[in-house]
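Q: Just so you know, the protein sequences line up as chains A and B, in that order.
So that you can map any letter, position 42 of the first sequence is 42 in this note's numbering, and since no number is skipped, the others follow by simple counting.
Add 96 to the 1-based position in the second sequence for this note's numbering, that's all there is to it.
The beta-carbon is built from N, C-alpha and C at its ideal position, and this holds for glycine as well.
This is the structure I want to talk about, given as structure tokens.
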Amino acid sequence: MFVRLPDAAGDRVRIRLDGVEVEARAGDSVAAALLAAGRMSCRTTPVTGAARGPYCMMGICFECLVTIDGVPNQQACLTPVAPDMQIVTQRGARRP
Amino acid sequence: MSAPSFDVAIVGGGLVGASLAFGLRSIGAKLLVLDDGGTASPSRANFGLVWVQGKGERFAPYAHWTVESARAWPKLADELRRETGIDAALVQNGGVHACLSSLELDARARYFDRLFGQPGAARYEVALLDRDALSHRLPGLGAEVAGGSFCPLDGHCNPLRLLRGLHAAMAKAGVVHRQGDRVIAVEPLATRFRIVTASGSIDAERVVLAAGLGNARLARGIGVEVPVRPNKGQVLVLERVQPLLPLALDTIRQTDEGTILVGDSQEERGDDATSLPVLGAMARRAIATFPALARLNVLRGWAALRVMTPDGAPIYHASDAHPGAFVVNAHSGVTLAAAHAYRLAPAIAEGTLPGPLAPYRATRFDDVRAVA
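Below, the structure is given as structure tokens:
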């Protein structure tokens with residue numbers, strides 16, 4: 001479980017995660033916002049259906065893929081949160 | 097101290113060398129596979145097609161040889177799965193070459209007329225399909241697609257698992273694999289060969305040069321000129337998606353795990369850097385073929401060097417001056433894996449390459465070079 005540091009700065013930003021309103025901070029990546037909201041897993045894999053969540057937090061592992069504002073397989077750790085952003089977790093392979 | 101000694105030493109542990117070692121694993125010989133451990137080889141960067149259509153255009157016997165290998169591939173995949181548990185993910189339900197205009201479709205028809213018109217060219221099954229017939233097999237075609245050619249023998253596999261499976265089977269059969277030891281030279285001695293590596297010397301009764309582009313340098317040691325040149329190919333990797341392509345195309349395929357690969361560029365270059373103009377042209381053509389691909393994210397791209405001969409066909413050469421030395425070069429190491437394991441390896445074990453392999457001698461290029 002991740003907890004924000006007591007001195008964490010940044011304005012509060014409202015995003016929607018699977019349709020539910022979640023609070024993030026300006027400057028969070030989507031992955032950081034997910035973890036801070038207690039979501040360890042954000043998708044299941046296309047091949048075996050195993051759960052995956054943010055891991056490397058720097059753009060190389062491609063584990064943190066989510067659908068952002070309708071575009072699937074976005075790297076959550078490389079995308080900064082924005083007000084009213086729609087994040088949807090993924091199941092298996094995306095539709096082509 | 098005398099050099100370690102083997103019955104057969106294969107220089108090169110890529111798909112060609114590993115397929116030969118796989119084919120030789122059960123003959124009871126002491127086998128060695130040497131490779132320099134390079135990971136940027138075409139064996140790791142190829143597109144993964146098991147592909148017949150189009151083969152043999154400038155070299156008729158290659159058509160039959162390729163068909164034979166494609167037909168033997170299921171046996172290879174079965175043996176690898178049984179012996180190692182590794183699934184090479186072979187799918188052979190036919191393959192397509194898409195034509196983006198009626199001009200391209202006409203040219204494709206003439207290409208096959210020319211190919212099958214050659215004396216000695218095996219006639220394999222290829223159907224030229226118009227747009228409607230092709231749409232039946234491949235839904236979602238773009239408006240520009242005029243049709244294409246379909247060959248039921250074609251297919252694809254996971255080439256990394258093929259390589260891993262071959263190596264696992266080799267290890268299980270007791271083949272010695274020395275990785276990271278670069279071969280500097282191969283020298284004929286009176287009754288055997290000496291392989292000089294970065295770390296020492298090894299002796300072998302027989303030596304097979306399967307070192308890809310490295311063969312040009314190494315084969316001189318056994319008196320053979322091998323005119324291979326690099327031909328660069330680039331591959332674009334798109335994200336994994338739900339099943340989209342029921343058949344492989346020669347330029348676009350979906351892997352068993354859902355990834356879409358776009359490939360098959362050809363450049364007469366020897367560097368292995370990706371370049372945006374080429375990747376862009378590949379992407380444009382792929383999108384023209386399947387507009388749905390435009391929505392997919394590109395994950396990465398890579399480039400690698402094919403090992404190309406002047407006529408595009410393999411080299412299978414037994415040295416006259418130094419019996420027991422063989423040279424093997426092929427740019428279709430995936431497609432030909434089965435032929436190399438089940439036909440070429442036994443011939444090497446016998447010590448001579450039989451009649452059907454005679455056309456592949458490296459000396460066929462001597463005249464070409466004399467003219468050039």
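What residues from the region 43-69 of chain A come within 9 Å of chain B, judged by C-beta to C-beta, listed N to C?
A: So the close ones are T45, P46, V47, F62 and L65.
Q: In the DSSP output, which residue or residues are listed as bridge partners for B/R257?
A: To locate residue 257 of chain B, count along the second sequence from 1; it is residue 161. Looking at the DSSP assignment, B/R257 forms no beta bridge with any residue, so it has no partner.
Q: Between B/V187 and B/T385, what straight-line distance do the alpha-carbon atoms span, to the nearest angstrom?
A: Residue numbering aside, residue 187 of chain B sits at position 91 when the second sequence is read from its first letter. Residue numbering aside, residue 385 of chain B sits at position 289 when the second sequence is read from its first letter. Approximately 21 Å, taken between the alpha carbons.
Q: Can you find at least 3 beta carbon pairs, one from the region 394-410 of chain B and one from the region 317-329 of chain B, that sit closer than 8 Å?
A: Yes, they touch.
Q: For chain B, is any of its Cβ atoms less than 8 Å away from the one on A/R12?
A: Along the first sequence, read from residue 1 onward, the residue named residue 12 of chain A stands at position 12. No, because no Cβ of chain B sits closer than 8 Å to the Cβ of A/R12.
Q: Comparing alpha-carbon positions, which option in A/A82, A/L65 and A/V20 lies nearest A/C56?
A: Along the first sequence, read from residue 1 onward, the residue named residue 56 of chain A stands at position 56. It is A/L65.
Q: Any idea if B/R210 is buried or exposed, counting beta-carbon neighbours within 10 angstroms, 16 or more meaning buried?
A: For the purposes of this step, residue 210 of chain B is taken as the residue at position 114 of the second sequence. Exposed, since its Cβ has fewer than 16 Cβ neighbours within 10 Å.
Q: Can you tell me whether DSSP reads B/A468 as helix, strand or coil?
A: Numbered from 1 along the second sequence, position 372 holds the residue referred to as residue 468 of chain B. Its pLDDT being 48, under 50, B/A468 is placed unreliably in this model, and the value from its coordinates should be taken loosely. In the structure shown, B/A468 sits in coil (DSSP, three-state: anything other than H, G, I, E or B).
Q: Going by DSSP, what residue range makes up the beta strand (DSSP E) through B/V331?
A: Numbered from its first residue, the second sequence carries residue 331 of chain B at position 235. Residues R325 to R336.
Q: Counting only runs that start and end within the region 133-211 of chain B, where is the alpha helix (DSSP H) found for 4 or more residues in a row?
A: With a minimum length of 4 residues, the continuous alpha helix (DSSP H) runs that stay inside the region 133-211 of chain B are 138-141 and 157-180.
Q: B/A409 by DSSP, collapsed to three states: which one?
A: For this step, residue 409 of chain B is matched to residue 313 along the second sequence. Of the three classes helix, strand and coil, the one that applies to B/A409 here is coil, per DSSP.
Q: Tell whether a beta-carbon distance below 8 Å holds between B/G251 and B/G329.
A: Taking the first residue of the second sequence as position 1, residue 251 of chain B is located at position 155. Taking the first residue of the second sequence as position 1, residue 329 of chain B is located at position 233. Result no, Cβ atoms of B/G251 and B/G329 do not sit closer than 8 Å.
Q: With a 10 Å radius around its C-beta and 16 neighbouring C-beta atoms as the bar for buried, classify A/M40 as buried or exposed.
A: As a working mapping, residue 40 of chain A is identified with position 40 in the first sequence. Result: exposed.
Q: Is the beta carbon of B/I291 closer than 8 Å to that of B/V304?
A: As a first step, residue 304 of chain B is located in the second sequence; it is residue number 208 there, counting from the start. As a first step, residue 291 of chain B is located in the second sequence; it is residue number 195 there, counting from the start. No, the pair does not count as a contact, with Cβ atoms beyond the cut-off.
Q: Considering only heavy atoms of the ligand MG, does any lie closer than 7 Å to the CB of A/Q75?
A: Of the ligands one can find in the structure shown there are none, so the ligand MG has no counterpart to examine.
Q: Ordered along the chain, which non-local residues of its own chain (more than five positions away) have a Cβ less than 8 Å from that of B/S137?
A: Your numbering for residue 137 of chain B matches position 41 in the second sequence. Excluding positions up to five away in sequence, the list reads G110, G308 and A400.
Q: So, does the CB of A/A93 fall closer than 8 Å to a CB anywhere in chain B?
A: Here residue 93 of chain A refers to the residue found at position 93 of the first sequence. Yes - at least one Cβ of chain B is within 8 Å of the one on A/A93.
Q: Classify B/A344 as buried or exposed, calling it buried when 16 or more other Cβ atoms lie within 10 Å of its own Cβ.
A: As a first step, residue 344 of chain B is located in the second sequence; it is residue number 248 there, counting from the start. Burial call: buried.
Q: Skipping 5 residues on each side, what residues in its chain have a beta carbon closer than 8 Å to that of B/A468?
A: Taking the second sequence and counting its residues from 1, the one referred to as residue 468 of chain B is at position 372. Here the model assigns B/A468 a pLDDT of 48, short of 50, so the residue's position is not dependable, and the following value carries that caveat. Once the five neighbours on either side are set aside, B/A468 has no close Cβ partner at all.
Q: Distance check for B/S295 and B/Q275, CA to CA, integer angstroms please.
A: To locate residue 275 of chain B, count along the second sequence from 1; it is residue 179. To locate residue 295 of chain B, count along the second sequence from 1; it is residue 199. Roughly 11 Å between the two C-alpha positions.
Q: Taking CB distances under 8 Å as the criterion, tell me whether A/P80 reaches chain B.
A: Taking the first sequence and counting its residues from 1, the one referred to as residue 80 of chain A is at position 80. No, A/P80 lies away from the interface with chain B (no Cβ there is under 8 Å from its Cβ).
Q: Apart from the five residues on each side of it in sequence, which residues of its chain come closer than 7 Å, Cβ to Cβ, to B/P455?
A: Against the second sequence, residue 455 of chain B aligns to sequence position 359. Excluding positions up to five away in sequence, the list reads P157.
Q: Report yes or no: is there a C-beta of chain A within less than 8 Å of the C-beta of B/A185?
A: Within the second sequence, the letter at position 89 stands for residue 185 of chain B. Answer no: the Cβ-Cβ gap between B/A185 and chain A never drops below 8 Å.
Q: At what residues does the beta strand (DSSP E) containing B/D131 begin and finish?
A: Taking the first residue of the second sequence as position 1, residue 131 of chain B is located at position 35. Where B/D131 is concerned, the enclosing beta strand (DSSP E) stretches over L127 to D131.
Q: For the region 345-375 of chain B, list every residue whose C-beta sits within 7 Å of some C-beta in chain A, in sequence order.
A: Listed by position, the residues of the region 345-375 of chain B near chain A (Cβ gap below 7 Å) are E353 and G354.
Q: Short check: CB of B/I298 to CB of B/L127, under 8 Å?
A: As a first step, residue 298 of chain B is located in the second sequence; it is residue number 202 there, counting from the start. As a first step, residue 127 of chain B is located in the second sequence; it is residue number 31 there, counting from the start. The answer is no: Cβ separation not under 8 Å.
Q: What's the gap between the Cα of B/G243 and the Cα of B/L341?
A: As a first step, residue 243 of chain B must be located in the second sequence, where it is residue number 147. As a first step, residue 341 of chain B must be located in the second sequence, where it is residue number 245. Between B/G243 and B/L341, the C-alpha separation is close to 16 Å.
Q: Pick from B/L392, B/L389, B/A315 and B/V331: whose alpha carbon is nearest that of B/T370?
A: The count along the second sequence starts at 1 and reaches residue 370 of chain B at position 274. When each option's Cα is compared against that of B/T370, the closest is B/V331.
Q: Roughly how many whole angstroms lie between the Cα atoms of B/V423 and B/S98?
A: Walking along the second sequence from the start, residue 423 of chain B turns up at place 327. Walking along the second sequence from the start, residue 98 of chain B turns up at place 2. Looking at the two C-alpha atoms, the distance is approximately 26 Å.
Q: By the criterion of Cβ-Cβ separation under 7 Å, what are the contact partners of B/A388 in chain A?
A: As a working mapping, residue 388 of chain B is identified with position 292 in the second sequence. Those are P96, listed as they occur along chain A.
Q: Cα separation between B/L201 and B/I356?
A: Taking the second sequence and counting its residues from 1, the one referred to as residue 201 of chain B is at position 105. Taking the second sequence and counting its residues from 1, the one referred to as residue 356 of chain B is at position 260. Distance between the alpha carbons of B/L201 and B/I356: 24 Å.
Q: Of the residues B/R439, B/G420 and B/I182, which one's Cα is nearest the Cα of B/I106?
A: Within the second sequence, residue 106 of chain B is the residue found at index 10, counting from 1. Minimum Cα distance to B/I106 is reached at B/G420.
Q: Give a yes or no on whether 8 Å exceeds the smallest Cβ distance from B/V331 to chain A.
A: Mapped onto the second sequence, residue 331 of chain B falls at position 235. No, B/V331 does not count as interfacial toward chain A.
Q: Comparing alpha-carbon positions, which option in A/S29, A/A24, A/A36 and A/G19 lies nearest A/D11?
A: Along the first sequence, one-based indexing puts residue 11 of chain A at 11. Closest by alpha carbon: A/A24.
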